[in-house]
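Residue numbers (this note's numbering): 100 to 597.
Ideal Cβ placement from N, Cα and C applies to all residues, glycine included.
In what follows, a structure is listed as structure tokens, so that the remarks can point back to it.
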């Protein structure tokens, strides 16, 4: 690397020297032609000034313009003033000519070099703009992070003349972290870290690619002869990194949308499957329940078929309740379905729910304490009734026979009604009390004689109550048991039907 830099410097020195000597020699030759034609010395001075201008225009250092200015004065003195071919001056008036000539040449050289630098910067900016446009166009067509990595590293090599690498981080929803492959990642096995060396000149420069939610990757750019990139290059690089971050975010967002779309399709398929199966099961289950009830009524107390019919009815009734819960769940999860809310008397909903569970709650005393005033709630009566049925079923499962299950209704301000479903069962442990409304969650601390559920009933209660703009909670009851409390808005102010 150092040999190449020294070679470039030598080449530049020789080129600039040839420009200076060549233009001054040409000016001297033209001066002799002017002198032969009998033209005034002022014209020869102008030719030398033009030579200084040309030297300043084509050389790449300001100093060569100054050298050319001084050398032109000496050349004019040596070749065109008496005595010739010496640096002596017989006419003192020439000193003014020399001073003016040198000053004019230096000013001309300075202006020319400034013009060169401005033109060079303009050209570089134009080149950077075209390169940045091409870079952005390539990024917009990239459809994977790996392709972006290749585009970034290749563009940096082309635009800055530096070896580069792009190490990206891809944090997937599962928590898995991927990094760029070895072809685009630098080999750090033999490169000591910057803080472990006396000087950081041998270590690459690091730049962070940032997205909407933080760092997306690291770009490493090798130093050239121990020097990092210039300030102008750094400004261009920052723009490239911003565009890179936008491109990576775009790809991540696209992948996330694709994953969400697939999940939605799977969820829709599952909901349709559950809905279809549940509908197909509902009719035969009702037939089984009706047949079992008829056999029970036709059988005597000592007839073994009576107990068998009761067991069949209870199991069919449990399965029917499960089917109703699944249908309710798929209906609520269907984004195209809206609740059919109408003002419903809370007393009628509670009465209908108690009647629905009467048969399976044989041996339990289910009571209801209702306020004297008439209360209505904006609700889908069928769904809200299903909530109460699920809560009563849960109470029946966990309460020993002979105990009371109570529903208490109270008016609460502002414009709310509170419904408590109380039982005297084994209660809910502290570990389970905050999880009872989770989908498919069943407590591990349950008596062995309780029919095992699948954890849908209370989860559906939570979903239905929230869909009605209410809340539902579980707590321990004083003296033993559990209290499920739900609050719902009353029909009236701000509770329009949907």
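Return the CA-CA distance between residue 150 and residue 117, expressed in angstroms with no decimal places.
For the purposes of this step, residue 150 is identified with residue 51 of the chain shown, where counting begins at 1. For the purposes of this step, residue 117 is identified with residue 18 of the chain shown, where counting begins at 1. Computed Cα separation, rounded: 13 Å.
Could you tell me the alpha carbon to alpha carbon distance between residue 624 and residue 532, rounded to whole angstroms?
For residue 624 there is no data in the structure shown, the boundaries of the chain being 100 and 597.
Rounded to whole angstroms, how far is the Cβ of residue 479 from the Cβ of residue 420, which I believe are closer than 8 Å?
Here the question's residue 479 lines up with position 380 in the chain shown. Here the question's residue 420 lines up with position 321 in the chain shown. Between residue 420 and residue 479 the Cβ distance is about 18 Å, and since that is not below 8 Å, they are no contact.
Can you name the residues that DSSP bridges to residue 509?
Position 410 of the chain shown, counting from 1, holds the residue named residue 509. Residue 509 is bridged to 517.
Taking buried to mean at least 16 other C-beta atoms within 10 Å of its own C-beta, is residue 498 buried or exposed?
To locate residue 498, count along the chain shown from 1; it is residue 399. Under this definition residue 498 is a buried residue.
Are there three or more Cβ pairs, one per stretch, closer than 8 Å when the stretch 381 to 389 is compared with the stretch 407 to 426?
yes
Beta-bridge partners of residue 265, as assigned by DSSP:
For the purposes of this step, residue 265 is taken as the residue at position 166 of the chain shown. 318, per the DSSP bridge assignment.
Can you look up residue 472 in the DSSP assignment and give me helix, strand or coil?
Numbered from 1 along the chain shown, position 373 holds the residue referred to as residue 472. Note: residue 472 maps to coil in three-state DSSP.
Let me make sure I understand the geometry here. Which of 536, 565, 566 has the alpha-carbon closest to that of residue 557?
Here residue 557 refers to the residue found at position 458 when the chain shown is read from its first residue. Nearest C-alpha to residue 557: 536.
Taking its Cβ as the centre, do 16 or more other Cβ atoms sit within 10 Å of residue 372, making it buried, or is it exposed?
To locate residue 372, count along the chain shown from 1; it is residue 273. Residue 372 should be labelled exposed.
List the endpoints of the continuous alpha helix (DSSP H) containing residue 344.
As a working note, residue 344 is residue 245 in the chain shown. Looking at the DSSP string, the run of the alpha helix (DSSP H) that includes residue 344 is 330 to 397.
From the DSSP output, read off the bridge partner residues of residue 306.
Along the chain shown, one-based indexing puts residue 306 at 207. The partner list for residue 306 (beta bridge, DSSP) reads 318.
Taking the C-alpha atoms as reference points, what is the distance between residue 220 and residue 228?
Position 121 of the chain shown, counting from 1, holds the residue named residue 220. Position 129 of the chain shown, counting from 1, holds the residue named residue 228. Those two C-alpha atoms are separated by around 12 Å.
Would you mind giving the Cβ-Cβ distance between residue 518 and residue 506, rounded to the nearest angstrom? I have them listed as a contact below 8 Å.
The residue labelled residue 518 in the question sits at position 419 within the chain shown. The residue labelled residue 506 in the question sits at position 407 within the chain shown. Right, the Cβ-Cβ distance comes to about 7 Å (below 8 Å), so this counts as a contact.
Using a Cβ distance threshold of 8 Å, determine whether the stretch 207 to 223 contacts the stretch 164 to 180, with at least three qualifying pairs required.
yes
Do you know offhand how far residue 560's Cα is from residue 482's?
Indexing the chain shown from 1 puts residue 560 at position 461. Indexing the chain shown from 1 puts residue 482 at position 383. The straight-line gap from Cα to Cα measures roughly 9 Å.
To which residues does DSSP link residue 583 through a beta bridge?
Position 484 of the chain shown holds residue 583. DSSP output for residue 583 lists 520, 573 as bridge partner(s).
Tell me residue 182's beta-bridge partners as DSSP assigns them.
Numbered from 1 along the chain shown, position 83 holds the residue referred to as residue 182. Answer by DSSP bridge pairing: none, since residue 182 is not bridged.
With a threshold of 6 Å on Cβ separation, who are the neighbours of residue 133 within its own chain once the five nearest residues in sequence on each side are excluded?
Translated into positions along the chain shown, residue 133 becomes position 34. Answer for residue 133: 142, 143, listed in chain order.
Put residue 313 into one of helix, strand or coil per three-state DSSP.
By one-based count along the chain shown, residue 313 stands at place 214. Residue 313: strand per DSSP, three-state reduction.
Touch check for the stretch 354 to 372 and the stretch 396 to 416: three-plus C-beta pairs under 8 Å?
no
Is residue 443 helix, strand or coil when you go by DSSP?
Against the chain shown, residue 443 aligns to sequence position 344. Three-state DSSP puts residue 443 in a strand.
Candidates 412, 352, 403, 541: closest to residue 392 by CA position:
Counting from 1 along the chain shown, the entry for residue 392 is found at position 293. When only C-alpha atoms are compared, the closest one is 412.
Look up residue 504 in the DSSP assignment and say whether it is helix, strand or coil.
Residue numbering aside, residue 504 sits at position 405 when the chain shown is read from its first letter. Residue 504 falls in the strand class under three-state DSSP.
Tell me where the alpha helix (DSSP H) around residue 252 begins and ends.
In the chain shown, residue 252 corresponds to position 153, counting from 1. Taken as a continuous stretch (DSSP letters only), the alpha helix (DSSP H) holding residue 252 covers 244 to 259.
Spatial distance of residue 503 from residue 450 (CA atoms)
Indexing the chain shown from 1 puts residue 503 at position 404. Indexing the chain shown from 1 puts residue 450 at position 351. Approximately 16 Å between the Cα atoms of the pair.
I'd like to check one pair, residue 445 with residue 508: are the Cβ atoms closer than 9 Å?
Translated into the one-based positions of the chain shown, residue 508 becomes position 409. Translated into the one-based positions of the chain shown, residue 445 becomes position 346. Cβ atoms of residue 508 and residue 445: closer than 9 Å.
Note down the Cα distance separating residue 258 from residue 335, rounded to an integer number of angstroms.
Translated into the one-based positions of the chain shown, residue 258 becomes position 159. Translated into the one-based positions of the chain shown, residue 335 becomes position 236. Between residue 258 and residue 335, the C-alpha separation is close to 10 Å.
The alpha helix (DSSP H) spanning residue 556 covers which residue range?
Counted from its first residue, the chain shown places residue 556 at position 457. 556 to 566 is the span of the alpha helix (DSSP H), which, as asked, contains residue 556.
Three-way DSSP call (helix, strand, coil) for residue 466 in this model
Residue numbering aside, residue 466 sits at position 367 when the chain shown is read from its first letter. Strand, per DSSP.
Rounded C-beta distance between residue 586 and residue 485? I'm assuming under 8 Å.
Translated into the one-based positions of the chain shown, residue 586 becomes position 487. Translated into the one-based positions of the chain shown, residue 485 becomes position 386. Between residue 485 and residue 586 the Cβ distance is about 18 Å, and since that is not below 8 Å, they are no contact.
Write down every uninterrupted run of the alpha helix (DSSP H) in the stretch 101 to 173 whose length is 4 residues or greater and which is fully enclosed by it, in chain order.
101 to 135, 140 to 157
Could you check which residue in 510, 490, 522 has the C-alpha nearest to that of residue 500?
Position 401 of the chain shown, counted from the start, is the residue given in the question as residue 500. The shortest C-alpha separation from residue 500 is found at 522.
Coarse secondary structure for residue 408, derived from DSSP in three states:
By 1-based counting over the chain shown, the position of residue 408 is 309. Here residue 408 sits in helix by DSSP.
Helix, strand or coil, according to DSSP, for residue 499 in the structure here?
Position 400 of the chain shown, counted from the start, is the residue given in the question as residue 499. Residue state, collapsed to three classes: coil.
Simplified DSSP assignment, three categories, for residue 494
Position 395 of the chain shown, counted from the first residue, corresponds to residue 494. Residue 494 falls in the helix class under three-state DSSP.
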